[in-house]
Amino acid sequence: MSNLFSTARTYALRATPPFHLQQRVGLAVLSLLLLLACVPSAIAHEFKAGDLEIEHPWSRATPPGAKVAGGYFTVVNKGSAPDRLLSISSDISDKAELHEMGVKDGVMTMRPVEGGLEIPAGGKVALKPGAYHLMFTGLKRQPKQGEKFPATLTFEKAGSVKVEFAVEGMGETGSGDMDHAE
Ligand SMILES: [Cu+2]
């Protein structure tokens, strides 16, 4: 990418007037290529709700019979007031809870977040393996690698927003992951 950009800069510098048609066409093609290169991949999807951006919601394929699946994404708050993630719902499970990890008596545990999760003004919160995360509990079916399933996130100020969780492979752990089998 950076190579592409420096090539573009060199090209732009060279294309000083008189501006020949050939150069213009060349520049147009180059801009188009740059544009295509900057389109996020199918995996890096995002959703907007008011001042909030929800980046790349993802989950993981589960083994047959599993009753829980994790849910992860990053919320960016571009506004000047804090907001709060209150609840999550999806057809894939009976319930979806917001969990946080903690260490109790030297053992990693997870517990529901009480009162929702604050998204600070101008800040962001990442839900990821080993940290804050969603848990879809009472799975009605197994999420399959490569599919997307819809869910609704409800925020105190931004309201409800529909998102899609991209299901990644079972081995997709991120760092400091903890098994959700209970
Ligand atoms: Cu959990």
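Counting in the numbering used here, the sequence shown runs from 130 upward without gaps.
No residue lacks a Cβ here, since even glycine has one placed at the ideal position from N, Cα and C.
Near ligand 1: residue i beta-carbon under 7 Å from a heavy atom
| i | result |
| --- | --- |
| M237 | no |
| H262 | yes |
| H185 | no |
| H174 | no |
Inter-residue Cα distance where the pair is residue i and residue j
| i | j | result |
| --- | --- | --- |
| D234 | R240 | 14 Å |
| L256 | G200 | 8 Å |
| A250 | G208 | 6 Å |
| G267 | V197 | 6 Å |
| R189 | G155 | 44 Å |
| W187 | E297 | 7 Å |
| K177 | M237 | 33 Å |
| E301 | G252 | 26 Å |
| H185 | H174 | 5 Å |
| T203 | I183 | 6 Å |
Anticipated Cβ contact below 8 Å, residue i with residue j, distance rounded
| i | j | result |
| --- | --- | --- |
| F284 | A225 | Wrong, their Cβ atoms sit about 14 Å apart, outside the cutoff. |
| A280 | D180 | Not confirmed; about 20 Å, so no contact. |
| F278 | I217 | Contact doesn't hold; Cβ gap of about 12 Å is too wide. |
| L282 | I248 | Not confirmed; about 11 Å, so no contact. |
| M299 | P192 | 7 Å |
Residue i beta carbon near ligand 2 (any heavy atom closer than 7 Å)
| i | result |
| --- | --- |
| R270 | Ligand 2 is not among the ligands present in this structure, which contains only ligand 1. |
Q. Using 8 Å as the Cβ pair cut-off and three pairs as the minimum, do the region 242-250 and the region 290-302 touch?
A. Too few Cβ pairs lie closer than 8 Å, so no.
Q. Touch check for the region 249-268 and the region 220-234: three-plus C-beta pairs under 8 Å?
A. The region 249-268 and the region 220-234 touch, with no fewer than 3 CB-CB distances between them shorter than 8 Å.
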